[in-house]
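Asker: Could you have a look at this structure, given as C-alpha cells, before my questions?
Residue numbers (the numbering used here), protein chains in the order written: chain U, 1 to 260; chain C, 261 to 503.
Set out below in C-alpha cells:
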C-alpha cells in the first residue's frame, strides 16, 4: 500500500512542478492577476448595481481561466509523455497503467485546483478590501462546486486526449463546456421549438451532456442570495463525481488497450 | 545451464497485415551481455517492447524472470532506457531520479543514496542542479542510464544506447556498461553500432524481417579469420543465416 502512495505522490509532485515551472501557466496566472484585480476593486460611480456587474465579470473570468487551465493540464497529462517518449521508461517501471492514470489525473487535479484556489484567494482579498463578507458558506459552496467542475474538466480532457489528438479534444471541450454553461438549461425550450428527428436528439443531448451550469454559483455569490440546500449541493457534487468517474473509466479502458 | 533472465518462445507480433516479429525464440542468461542487431524495421524495438510488457505478443510466450512482463511487479527487477527520450525538461537530474524512485516505490533515503552514487557513476554530479533542457544529447543519455539503474536492476535493457553520442561520450558510455557487466548485471541492448557491440558483448542476436537469423557468440561467427563484426553482419544478412 505504501508503494502505491509513493507512486501516486511522485506523479502528483511532478504535475505541480510542471505547473510551477512552465512559463505559459505562469504567464496566465500573471495575466489573471492583472485583469482580476482592477475588476474586483472597481467602484464605478459608487453605484452598487455596477459594482455587482464588475464582480460577476471577475467571477466569469475566473471560470474562463479555470476552464482553460483544467483543459490544458488534462489534455497534456499523457500527450506530453507520448511526445517526449517518457511514457516508455515510465511504463517499464513497476507501475500499472491504472496507477499511472490515477496518479497523473490526481496530479492534474491538484495543479488545477491550486490555480483555482489562487483565483478565489484573490477574490476573497478583493471582497475584504471592499469591506464585504470575505468568507461565507456560500463562497465555500461555490468554491467546492467550482473545484468539482475543474476535476471533471481535467478528467474529460484526459479522456479526450486518448480518443483523438489533444488539440482536437481540447477544442471540442472548449466549445462544448462553455456552450453548456451558457445554454444548457435552455435546451428543453429549444427542443420544444424543433420538430421531427431533431427533437429527440436535442433531448438526448440534454440528458447525456454534462450540465456545467449546475456548478455555477456566481449569481448567489454576487447578489448575496446565500448558499444552496445541502442536499442539492451534495447531489451536484455526486453528479460531477459520476461524470468524472465515467471519463476516467473510459480513459482507463482505452489506455489499457493502447498500442505503444 | 545458467538461470534464464528472459525467455522468448516462438513469439510473433503483427500490426495489421505487417508481421513485425515472426516466431522468435531467444533467451538471455544471468550475467550475459547480448547485442541485438538488425537493420531498421527488423523487429528489434518491437521485441524490446514485448520484453518490458509494453505490448503483448500475438502468439508465443514472453517470460521475464519467470513471470509475465505485463505484470507490474515482474518489472521491478529491470532497468530500461529507451532510444532517445526527452526527459522532463523542467526538472534537474536529481528531481528526475527522485520522481522515478517514487514510481519504483523506493523510500526517500534510499533514493537519495542511490542518486548520489549514480550521479558520480554517470558523471553528472556537477550538472545535477541544471535543468535537463540545458543538457546535451550525451548528458541526456547518461541521465537515461541513471534512471534505468536507480532500482539496482538485475537486467538492463537498452534501446539504441549509442545513438547520437560523440566519440568521447561513446567511450564513457562503453566503460560504464563494462563496469556494470563486471558487477554481474545482465545487459540486452539493440544497436546499429557494430564496433561497440563487438567490444562489449558475449553474444549477438541478428534480426532480419522479424526473424532471428543468428543467435550465439560473436566470436563464433567471426571464425578463425578474425574478421570484424561489421563484415560478418553484412554477410549474415545477405545469406539470411550463418555460414
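Glycine residues also receive a C-beta, built at the ideal position from the N, C-alpha and C atoms.
Taking the C-alpha atoms as reference points, what is the distance between residue 17/U and residue 110/U?
Answerer: What you label residue 17/U is simply residue 17 of the first chain in a count that begins at 1. What you label residue 110/U is simply residue 110 of the first chain in a count that begins at 1. If I take the Cα positions, the gap works out to 11 Å.
Asker: Just to make sure I have the definition right: I need the residues of chain C whose C-beta is within less than 7 Å of the C-beta of residue 6/U. Which are they?
Answerer: Reading the first chain from its first residue, position 6 is the one you call residue 6/U. Near residue 6/U (Cβ distances below 7 Å), the residues of chain C are 362 and 365.
Asker: If we define contact as Cβ-Cβ less than 8 Å, is residue 84/U a contact residue for chain C?
Answerer: Counting from one through the first chain, the residue named residue 84/U turns up at place 84. True, the Cβ-Cβ gap to chain C drops below 8 Å.
Asker: Which whole-angstrom value is the C-beta distance of residue 215/U and residue 148/U, which I expect to be below 8 Å?
Answerer: For this step, residue 215/U is matched to residue 215 along the first chain. For this step, residue 148/U is matched to residue 148 along the first chain. Indeed, because the Cβ distance is near 6 Å, the residues count as touching under 8 Å.
Asker: Of the residues 120/U, 127/U, 174/U and 197/U, which one's Cα is nearest the Cα of residue 146/U?
Answerer: Position 146 of the first chain holds residue 146/U. Looking at the Cα atoms, 120/U is the closest of the given residues.
Asker: Which residues of chain C have a Cβ atom closer than 7 Å to the Cβ of residue 9/U, listed in chain order?
Answerer: Here residue 9/U refers to the residue found at position 9 when the first chain is read from its first residue. Simply 362.
Asker: Going by alpha carbons, who is nearest to residue 118/U out of 128/U, 143/U and 96/U?
Answerer: Residue 118/U sits at position 118 when you count from the first residue of the first chain. The option with the nearest alpha carbon to residue 118/U is 143/U.
Asker: Using 8 Å as the threshold, is the stretch 238-253 of chain U in touch with the stretch 150-163 of chain U, meaning 3 or more CB pairs across them?
Answerer: Yes, since at least three Cβ pairs between the stretch 238-253 of chain U and the stretch 150-163 of chain U fall closer than 8 Å, the two stretches touch.
Asker: Which residues in chain C have a C-beta closer than 9 Å to the C-beta of residue 95/U? List them in chain order.
Answerer: Position 95 of the first chain holds residue 95/U. Within 9 Å Cβ-Cβ: 332, 335, 363, 364 and 365.
Asker: Should residue 448/C and residue 296/C be called a contact, given that it needs their Cβ atoms to be closer than 8 Å?
Answerer: For this step, residue 448/C is matched to residue 188 along the second chain. For this step, residue 296/C is matched to residue 36 along the second chain. Yes. Within cutoff.
Asker: Skipping 5 residues on each side, what residues in its chain have a beta carbon closer than 6 Å to that of residue 503/C?
Answerer: Locating residue 503/C in the second chain gives position 243, where the first residue counts as 1. Per-residue confidence for residue 503/C stands at a pLDDT of 41, beneath the threshold of 50, marking its modelled position as unreliable; no derived number is given.
Asker: Using only CA atoms, which one of 79/U, 14/U and 28/U lies nearest to residue 170/U?
Answerer: For the purposes of this step, residue 170/U is taken as the residue at position 170 of the first chain. Minimum Cα distance to residue 170/U is reached at 79/U.
Asker: Can you find a CB in chain U that lies within less than 8 Å of the CB of residue 347/C?
Answerer: Locating residue 347/C in the second chain gives position 87, where the first residue counts as 1. Answer yes: the Cβ-Cβ gap between residue 347/C and chain U drops below 8 Å somewhere.
Asker: Along chain U, in chain order, which residues have C-beta atoms closer than 8 Å to that of residue 341/C?
Answerer: In the second chain, residue 341/C corresponds to position 81, counting from 1. Within chain U, the residues near residue 341/C are 89.
Asker: Indicate whether at least one CB of chain U lies closer than 8 Å to the CB of residue 355/C.
Answerer: Looking up residue 355/C in the second chain gives position 95. Yes - at least one Cβ of chain U is within 8 Å of the one on residue 355/C.
Asker: Among residues of its own chain, excluding the 5 on either side of residue 466/C, which ones have a beta-carbon nearer than 8 Å to its beta-carbon?
Answerer: Numbered from 1 along the second chain, position 206 holds the residue referred to as residue 466/C. These residues qualify, in order along the chain: 297, 298, 472, 473, 474, 475, 493, 496 and 497.
Asker: Along the stretch 372-399 of chain C, where does the CB come closer than 9 Å to a CB of chain U? Name the residues.
Answerer: Of all residues in the stretch 372-399 of chain C, 391 have a Cβ within less than 9 Å of some Cβ in chain U.
Asker: Residue 377/C to residue 355/C, Cα distance in whole Å?
Answerer: Position 117 of the second chain, counted from the start, is the residue given in the question as residue 377/C. Position 95 of the second chain, counted from the start, is the residue given in the question as residue 355/C. Using only the alpha carbons, I get a separation of about 15 Å.
Asker: Decide yes or no for the touch test of the stretch 92-107 of chain U against the stretch 166-180 of chain U: beta carbon pairs closer than 8 Å, at least 3 of them.
Answerer: Cβ pair count under 8 Å is below three, so no.
Asker: So what does residue 321/C bridge to, in DSSP terms?
Answerer: Counting from 1 along the second chain, the entry for residue 321/C is found at position 61. In DSSP, residue 321/C forms a bridge with 269/C.
Asker: If you measure from the beta carbon of residue 232/C to each beta carbon in chain U, is any gap under 8 Å?
Answerer: Any question about residue 232/C goes unanswered here, given that chain C covers just 261 to 503.
Asker: Would you decide whether residue 456/C is buried or exposed? Buried here means 16 or more other CB atoms lie within 10 Å of its CB.
Answerer: The residue given as residue 456/C occupies position 196 in the second chain. Buried: at least 16 other Cβ atoms inside 10 Å.
Asker: Thinking just about the alpha-carbon of each residue, which of 281/C, 406/C and 418/C is nearest to the one in residue 371/C?
Answerer: By 1-based counting over the second chain, the position of residue 371/C is 111. Answer by Cα proximity: 406/C.
Asker: My guess is that residue 268/C and residue 91/U are in contact by the Cβ rule of under 8 Å, so how many angstroms apart are they, rounded?
Answerer: Here residue 268/C refers to the residue found at position 8 when the second chain is read from its first residue. Here residue 91/U refers to the residue found at position 91 when the first chain is read from its first residue. The pair is not a contact, with the Cβ atoms about 19 Å apart (cut-off 8 Å).
Asker: What residue does the beta strand (DSSP E) around residue 166/U start on, and which one ends it?
Answerer: Working through the first chain from its first residue, we reach residue 166/U at position 166. From DSSP, residue 166/U is part of no beta strand (DSSP E) but of the alpha helix (DSSP H) over 166-183.
Asker: Taking the alpha-carbon positions, what's the residue 140/U to residue 220/U distance?
Answerer: In the first chain, counting from the first residue as 1, residue 140/U sits at position 140. In the first chain, counting from the first residue as 1, residue 220/U sits at position 220. Those two C-alpha atoms are separated by around 12 Å.
Asker: Using a beta-carbon distance below 8 Å, is residue 407/C in contact with chain U?
Answerer: Start at 1 with the first residue of the second chain, and residue 407/C comes out as number 147. Output row for residue 407/C: interface = yes.
Asker: Counting Cβ pairs closer than 8 Å, one from the stretch 378-386 of chain C and one from the stretch 398-414 of chain C, do we hit at least three?
Answerer: The stretch 378-386 of chain C vs the stretch 398-414 of chain C: in contact.
Asker: So residue 259/U contacts chain C; which residues on that side make the cut at Cβ distance below 7 Å?
Answerer: Reading the first chain from its first residue, position 259 is the one you call residue 259/U. Chain C residues near residue 259/U: 315.
Asker: Determine the extent of the alpha helix (DSSP H) in which residue 286/C is found, giving its start and end residues.
Answerer: Here residue 286/C is taken as the residue at index 26 of the second chain, counted from 1. Taken as a continuous stretch (DSSP letters only), residue 286/C belongs to no alpha helix (DSSP H), being part of the beta strand (DSSP E) at 278-289.
Asker: Whose Cβ in chain C lies nearer than 8 Å to the Cβ of residue 76/U?
Answerer: Residue mapping note: residue 76/U aligns to position 76 of the first chain, counting from 1. Neighbours of residue 76/U on chain C: none; closest Cβ ~12 Å, over 8 Å.
Asker: Quick check: the Cα distance between residue 485/C and residue 389/C, rounded to an integer number of angstroms?
Answerer: As a position in the second chain, residue 485/C is number 225, starting the count at 1. As a position in the second chain, residue 389/C is number 129, starting the count at 1. With a pLDDT of 49 at residue 485/C, under the threshold of 50, the predicted position of this residue should be treated as unreliable, though the coordinate-derived value follows. In a straight line, the C-alpha of residue 485/C is about 50 Å away from that of residue 389/C.
Asker: Applying a beta-carbon distance threshold of less than 8 Å, which residues of chain C neighbour residue 106/U?
Answerer: One-based indexing of the first chain puts residue 106/U at position 106. Per Cβ cutoff of 8 Å: no residues; residue 106/U is ~13 Å from chain C at best.
Asker: Counting along the chain, where does the alpha helix (DSSP H) carrying residue 397/C start and finish?
Answerer: Residue numbering aside, residue 397/C sits at position 137 when the second chain is read from its first letter. Taken as a continuous stretch (DSSP letters only), the alpha helix (DSSP H) holding residue 397/C covers 397-409.
Asker: Would you call the stretch 299-310 of chain C in contact with the stretch 278-291 of chain C, where contact means no fewer than 3 C-beta pairs closer than 8 Å?
Answerer: With a cut-off of 8 Å, the stretch 278-291 of chain C and the stretch 299-310 of chain C count as touching, because enough Cβ pairs lie within range.
Asker: Hey, residue 293/C and residue 426/C: beta-carbon distance below 8 Å or not?
Answerer: In the second chain, residue 293/C corresponds to position 33, counting from 1. In the second chain, residue 426/C corresponds to position 166, counting from 1. Cβ distance not < 8 Å, so residue 293/C and residue 426/C don't count as in contact.
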